[in-house]
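My numbering numbers the first residue of the sequence shown as 9 and each following residue consecutively. Cβ atoms here follow ideal geometry from the backbone N, Cα and C, with glycine treated the same way. As the structure is a prediction and not an experimental result, all values here were calculated from the model. The structure appears below as structure tokens.
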Amino acid sequence: MHIRPRRNRKSAAIRQMVEETKIGAEHLIYPIFLKDGKNIKEEISSLPKNYRWSIDQLLPELEACMKLGIMTYDMFPAVDDHLKDTLATYSYAEENFYLHAIRKIKETFPEIVLMSDVAMDPYSSDGHDGFVSNGRILNDETLPILNKMSLAQAQAGIDIIGPSDMMDGRVGSIRETLDINGFTDVSIMSYTAKYASAFYGPFRDALNSAPKHGDKKTYQMNPANKREAILEAELDFEEGADMLMVKPALCYLDIIHVLRENFNVPITAYNVSGECAMVYAAAEKGWLNYDMAISEILLSMRRAGADGILTYFAKDFATLLKK
Ligand code: PBG
Numbered sequence: 009m010h011i012r013p014r015r016n017r018k019s020a021a022i023r024q025m026v027e028e029t030k031i032g033a034e035h036l037i038y039p040i041f042l043k044d045g046k047n048i049k050e051e052i053s054s055l056p057k058n059y060r061w062s063i064d065q066l067l068p069e070l071e072a073c074m075k076l077g078i079m080t081y082d083m084f085p086a087v088d089d090h091l092k093d094t095l096a097t098y099s100y101a102e103e104n105f106y107l108h109a110i111r112k113i114k115e116t117f118p119e120i121v122l123m124s125d126v127a128m129d130p131y132s133s134d135g136h137d138g139f140v141s142n143g144r145i146l147n148d149e150t151l152p153i154l155n156k157m158s159l160a161q162a163q164a165g166i167d168i169i170g171p172s173d174m175m176d177g178r179v180g181s182i183r184e185t186l187d188i189n190g191f192t193d194v195s196i197m198s199y200t201a202k203y204a205s206a207f208y209g210p211f212r213d214a215l216n217s218a219p220k221h222g223d224k225k226t227y228q229m230n231p232a233n234k235r236e237a238i239l240e241a242e243l244d245f246e247e248g249a250d251m252l253m254v255k256p257a258l259c260y261l262d263i264i265h266v267l268r269e270n271f272n273v274p275i276t277a278y279n280v281s282g283e284c285a286m287v288y289a290a291a292e293k294g295w296l297n298y299d300m301a302i303s304e305i306l307l308s309m310r311r312a313g314a315d316g317i318l319t320y321f322a323k324d325f326a327t328l329l330k331k
């Protein structure tokens with residue numbers, strides 16, 4: 009035998025020297041759930057170790073996470089039912105607590121990077137990402153609402169807008185709105201290949217945002233499709249997206265890979281709530297080693313080609329890296 013691959017694995021130092029994929033806290037984006045009020049830190053039952061935070065409780069938590077090297081956070085609002093309506097008007101209302109929280113966080117930690125979610129569902133009495141009329145999700149009627157929401161978030165100081173709604177043409181529409189209002193420096197990370205997935209359950213529990221009727225299959229992608237992800241990416245890229253996201257991540261590593269090979273903008277992966285919940289549950293039962301499992305999962309996303317990774321494991325994994 010002339011070629012023995014095991015020689016490159018014979019010691020820890022050699023293994024590290026030839027290691028192809030690196031991952032650090034700088035690659036992590038931490039999703040955070042916000043709630044109006046004071047002194048709130050409510051654990052989400054289907055997503056243990058994750059909480060709905062009021063801003064006063066969240067600030068020290070962010071500080072602790074930044075010390076671990078996590079600099080980017082994706083913020084989601086848990087909105088009271090009585091504030092929801094068919095047009096998601098609270099999403100851009102003056103008194104919206106989420107917008108106030110963004111202002112407060114950016115004031116307190118100017119170096120932090122804050123990302124938002126743009127879609128109607130947390131604010132919609134229908135629980136859909138777009139405007140519903142006669143049971144249909146209307147595309148073009150949704151765009152002006154997404155524009156207003158994005159503009160309000162930009163005015164509050166958000167760094168990255170994250171359209172997660174999957175309406176056609178929304179990236180271009182939001183980009184134009186931001187630009188004509190002077191927010192040319194606000195980035196867009198589009199949920200480009202977002203699939204109609206079974207893995208969003210715990211997130212919808214966290215925000216109480218599940219659709220009141222029907223499903224999201226007329227706007228989110230069919231899990232069977234890969235070429236369609238390239239079409240979505242072409243459109244988002246042409247419309248001005250700065251980064252392209254694949255969501256979920258774990259069942260869609262091939263999609264991350266194909267976008268990485270074909271587009272010269274950063275690719276991100278959303279390791280969604282259900283994917284993390286599976287690991288929490290198995291680890292709790294002692295069926296797998298939590299630290300080893302999350303390390304392997306996050307590494308696999310980097311190896312597939314993700315630059316940044318949105319994950320509920322962010323704090324635990326950054327803590328592990330420090331050890
Ligand atoms: C809302 C949105 C969802 C997620 C992020 N933004 C849920 C959905 O589309 O139903 C899911 C995130 C997760 O499961 O962690 N448009």
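Relative to the non-hydrogen atoms of ligand 1, the Cβ of residue 223 never comes closer than 7 Å to any of them.
Straight across, the Cα-Cα distance linking residue 311 with residue 300 is about 16 Å.
In this structure, residue 125 sits away from residue 150, with a CB-CB distance that is not shorter than 8 Å. Going by DSSP, residue 40 is part of the beta strand (DSSP E) stretching over 36 to 43. The closest heavy atom of ligand 1 lies 7 Å or more from the beta carbon of residue 158.
By DSSP's assignment, residue 169 forms a beta bridge with 196. In the DSSP assignment, residue 306 falls within the alpha helix (DSSP H) that extends over 298 to 312.
The beta carbon of residue 80 sits closer than 6 Å to those of 37 and 121, all from its chain and outside the five residues before and after it, given in chain order. Fewer than three beta-carbon pairs drawn from the stretch 176 to 186 and the stretch 256 to 274 are found closer than 8 Å, and the two stretches are therefore not classed as touching. The distance from the Cβ of residue 86 to that of residue 132 is about 14 Å, inconsistent with a contact at the 8 Å cut-off. Counting of Cβ neighbours within 10 angstroms places residue 90 among the exposed residues, the total staying below 16. Sixteen is the threshold: when 16 or more other Cβ atoms of the shown chains lie within 10 Å of the Cβ of residue 154, as they do, the residue is buried. The beta-carbon separation of residue 208 and residue 280, rounded to 6 Å, stays under the 8 Å limit for a contact.
DSSP, reduced to helix, strand and coil, places residue 316 within a strand of the structure shown. With a cutoff of 7 Å, residue 140 does not count as near ligand 1, since its C-beta is closer than that to no heavy atom of the ligand. With respect to the 8 Å criterion, residue 255 and residue 227 are not classified as neighbours on the basis of their beta carbons. Scanning the stretch 246 to 293 from its first residue to its last, the whole alpha helix (DSSP H) runs of 4-plus residues come out as 261 to 270 and 281 to 292. Setting aside the 5 residues that flank it on each side, residue 328 is surrounded in the same chain by 299, 302 and 303, each with a C-beta closer than 8 Å to its C-beta; the list follows chain order. Under the 10 Å beta carbon count, residue 60 is surrounded by 16 or more other beta carbons and is classified as buried. Straight through space, the alpha carbons of residue 130 and residue 217 are spaced by roughly 5 Å. Shown here, residue 123 sits in a strand according to DSSP, grouped into three states. Shown here for residue 191: same chain residues with a beta carbon closer than 6 Å to its own, the five before and five after excluded, namely 162 in chain order. Per DSSP, the beta-bridge partners of residue 84 are 41. For residue 323, same chain residues with a beta-carbon under 6 Å away, outside a window of 5 residues either side, are 73 in chain order. Among the bridge pairs identified by DSSP, residue 93 is matched with 132. Measuring C-alpha to C-alpha distances from residue 135 to each of 88, 238, 17 and 202 identifies 88 as the nearest. Taking C-beta atoms as the reference points, residue 249 and residue 181 fail to come closer than 8 Å.
When the beta-carbon positions are compared, residue 44 and residue 84 stay at least 8 Å from each other.
Looking at the DSSP output, residue 60 bridges to 41 and 50.
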